[in-house]
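Under my numbering, the residues of the sequence shown are numbered 12 to 86, in order.
C-beta atoms are modelled at their ideal positions from N, C-alpha and C, and glycine is treated no differently.
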Amino acid sequence: MARIQRRPPGRGVEWEFETLVLPKDFSRNVVTRVLVERAEHGGWELDRLRIGNDGKRRVVLRRKIIRQRLTLFAG
């Protein structure tokens, strides 16, 4: 149901993407709850939402990848 991919860095920000395909029999309220849950607990934000001819919702979520830099202390 979910697929996660990483895109190469561009313009100083690196994003991680997750693709969800939600069936057409999910109500709007259920889809909203799923997306809110991902946003609140996983740090995801909505990048794209498409509803296909078959009624399936294809959702692309994204979140920033935060890299820690190695710091050396001269002491």
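Within the segment 39-86, the runs of alpha helix (DSSP H) that reach at least 4 residues and sit entirely inside it are, in chain order, 39-53. Excluding sequence positions up to five before and after residue 62, its CB lies within less than 7 Å of the CB of 68, all in the same chain and listed in chain order. In this chain, the beta strand (DSSP E) harbouring residue 27 covers 26-33. If you ignore the 5 residues before and after residue 54, its C-beta comes within less than 6 Å of the C-beta of 74, all in its own chain and listed in chain order.
Residue 32 and residue 48 have their C-alpha atoms roughly 16 Å apart.
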